[in-house]
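Novice: Counted from 1, the sequence shown has number 11 at position 11 by the UniProt record's numbering; the numbering is strictly sequential. Even for Gly, the Cβ is constructed at its ideal location relative to N, Cα and C. Keep in mind that this is a model prediction, so the values were computed, not measured.
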Amino acid sequence: MTTPSPHESSADPRHPSVEQLADLAEDLLPADRAAAVRTHLADCPECADTTAALTELTALLAADPIEPMPQEVARRIDAALAAAQPSTPTAPITPPTPAAPTVPGAPAAPLSPGAPPARADRSTRAAGRPGRRRRFVLAAAACLAVFGLGGGLLLSQQSASRPAASAVSTSTPDTATHPAAGTKPTGPEFTAAGLPDQVRALLRPSALVQPHTTTEQGETGNLPPDCVQLAIPAHQGEVPLLTAHGSYQGSAVDVYVFRAAGDPESLDAYLVAPGCSTAPAVVELHQQVPAH
1 MTTPSPHESS ADPRHPSVEQ LADLAEDLLP ADRAAAVRTH LADCPECADT TAALTELTAL
61 LAADPIEPMP QEVARRIDAA LAAAQPSTPT APITPPTPAA PTVPGAPAAP LSPGAPPARA
121 DRSTRAAGRP GRRRRFVLAA AACLAVFGLG GGLLLSQQSA SRPAASAVST STPDTATHPA
181 AGTKPTGPEF TAAGLPDQVR ALLRPSALVQ PHTTTEQGET GNLPPDCVQL AIPAHQGEVP
241 LLTAHGSYQG SAVDVYVFRA AGDPESLDAY LVAPGCSTAP AVVELHQQVP AH
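1) Kindly indicate the opening and closing residues of the beta strand (DSSP E) around residue 289.
2) For residue 55, collect the residues of the same chain with a Cβ closer than 8 Å to its Cβ; drop the 5 residues on either side in sequence, then sort them by chain order.
3) Starting from the Cα of residue 278, find the closest Cα among 43, 292 and 227 and give me that residue.
4) Could you tell me the distance, in whole angstroms, from the CA atom of residue 335 to the CA atom of residue 19?
5) Rounding to the nearest angstrom, what Cα-Cα distance links residue 200 and residue 291 in this structure?
6) Can you name the start and end residues of the beta strand (DSSP E) that residue 259 belongs to?
7) Using a Cβ-Cβ cut-off of 7 Å (strictly less than) and excluding sequence neighbours within five positions of residue 198, which residues of its own chain qualify?
8) If you draw a straight line from the alpha carbon of residue 204 to that of residue 225, how long is it in whole angstroms?
9) Mapping the DSSP letters down to three states, classify residue 239 as helix, strand or coil.
10) Using only the alpha-carbon positions, how far apart do residue 49 and residue 71 sit?
11) Exposed or buried, which one is residue 122 when buried takes at least 16 other CB atoms within 10 Å?
12) Could you compute how far the alpha carbon of residue 21 sits from the alpha carbon of residue 37?
13) Within 10 angstroms of the Cβ of residue 41, are there 16 or more other Cβ atoms? Answer buried if so, exposed if not.
14) Go ahead and pull the three-state DSSP assignment for residue 265.
15) Do residue 289 and residue 273 come within 8 Å of each other at the CB atom, strictly closer than that value?
16) Taking the alpha-carbon positions, what's the residue 15 to residue 34 distance?
17) Out of 263, 261, 264 and 245, which one is the CA nearest neighbour of residue 255?
18) So for residue 15, helix, strand or coil by DSSP?
19) Determine whether the beta carbon atoms of residue 258 and residue 271 lie at a separation below 8 Å.
20) Which same chain residues end up closer than 8 Å to residue 284 when comparing Cβ atoms and leaving out the 5 residues on each side of it in sequence?
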């Protein structure tokens with residue numbers, strides 16, 4: 001009868017399991033166990049073939065570099081997390097338990113020095129080696145394809161949608177965020193006639209707990225994005241008193257409120273179209289409103 005391969009019967013005390021072969025390749029086994037497994041590999045072509053296939057699989061997976069997450073996606077994720085934390089407290093997130101290895105069977109018992117491995121039907125096992133190796137390589141290629149497709153879908157979904165609890169609150173000079181252009185507006189609906197009252201209402205302490213509103217209060221690390229600063233030259237390099245999300249004439253806008261230069265009793269309010277990247281943002285409405 002043909003001796004089962006390690007990945008087909010890891011409970012056979014005459015053969016190490018696939019997990020042990022993988023640990024041996026990564027120098028994770030204790031010294032005495034590693035020596036016993038190497039001795040076994042010298043006399044067992046079946047296990048040696050499995051070890052070679054695992055090495056090929058590791059090299060194939062390592063050859064495909066992981067693309068970094070786009071900066072804009074990272075900004076929006078950070079903004080959503082920052083906005084959701086104070087408004088919707090949740091229980092601590094428990095890290096998921098690592099999935100159990102997919103190879104069936106329990107870890108093999110230690111090798112018995114006095115029990116040499118069976119060597120029957122070597123020709124049958126040798127003929128099956130290329131097939132098993134091809135299966136490992138094909139499995140690795142399938143994993144890479146799934147990872148690539150899943151990553152592409154994640155990035156496209158993050159780029160095409162804005163988290164529901166968005167807010168402009170990040171820690172680097174060019175990380176203020178805003179809704180993507182074309183998304184459904186959230187927050188208050190601004191009007192030209194009502195903008196003074198709406199700005200003053202948003203500046204009240206009771207309004208600052210809303211998820212679409214945040215104040216910077218002079219923090220030098222929370223400047224608007226560069227494309228917004230280019231559209232508002234009078235306040236370049238200045239941290240806004242208030243940043244909010246809303247809508248104007250049916251379209252989503254970001255709201256930036258600054259102190260008016262030379263007039264402490266007035267405020268400069270800007271309604272800016274979201275979604276700019278390098279070109280200056282489009283200012284939909286600019287008004288100087290009374291501060292009180």
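Specialist: According to the structure data:
1) From DSSP, the beta strand (DSSP E) with residue 289 extends over 283-290.
2) These residues qualify, in order along the chain: 25.
3) Taking residue 278 as reference, the option from 43, 292 and 227 with the minimal CA-CA separation is 227.
4) Absent from the structure is residue 335, since the part of the chain shown begins at 1 and ends at 292.
5) Distance between residue 200 and residue 291, taken at the CA atoms: about 7 Å.
6) Start and end: 251-259.
7) Apart from sequence neighbours up to five positions away, the residues of its chain that approach residue 198 with a beta-carbon distance below 7 Å are 188 and 190, ordered along the chain.
8) Each residue's Cα considered, the two are about 25 Å apart.
9) In the structure shown, residue 239 sits in coil (DSSP, three-state: anything other than H, G, I, E or B).
10) Spanning the alpha carbons of residue 49 and residue 71 requires a straight line of approximately 44 Å.
11) Because residue 122 carries a pLDDT of 46, less than 50, the predicted location of this residue cannot be relied on, and the following value inherits that uncertainty. The residue is exposed, with fewer than 16 neighbouring Cβ atoms inside 10 Å.
12) Approximately 8 Å between the Cα atoms of the pair.
13) By the beta-carbon neighbour count (other beta carbons within 10 angstroms, threshold 16), residue 41 is buried.
14) Coil, per DSSP.
15) No, these two residues do not count as a Cβ contact at 8 Å.
16) Distance between the alpha carbons of residue 15 and residue 34: 13 Å.
17) Nearest C-alpha to residue 255: 245.
18) In the three-state scheme derived from DSSP, where H, G and I count as helix and E and B as strand, residue 15 is classed as coil.
19) Cβ distance not < 8 Å, so residue 258 and residue 271 don't count as in contact.
20) Within the same chain, residue 284 has close Cβ partners 248, 249, 251, 253, 271, 272 and 273.
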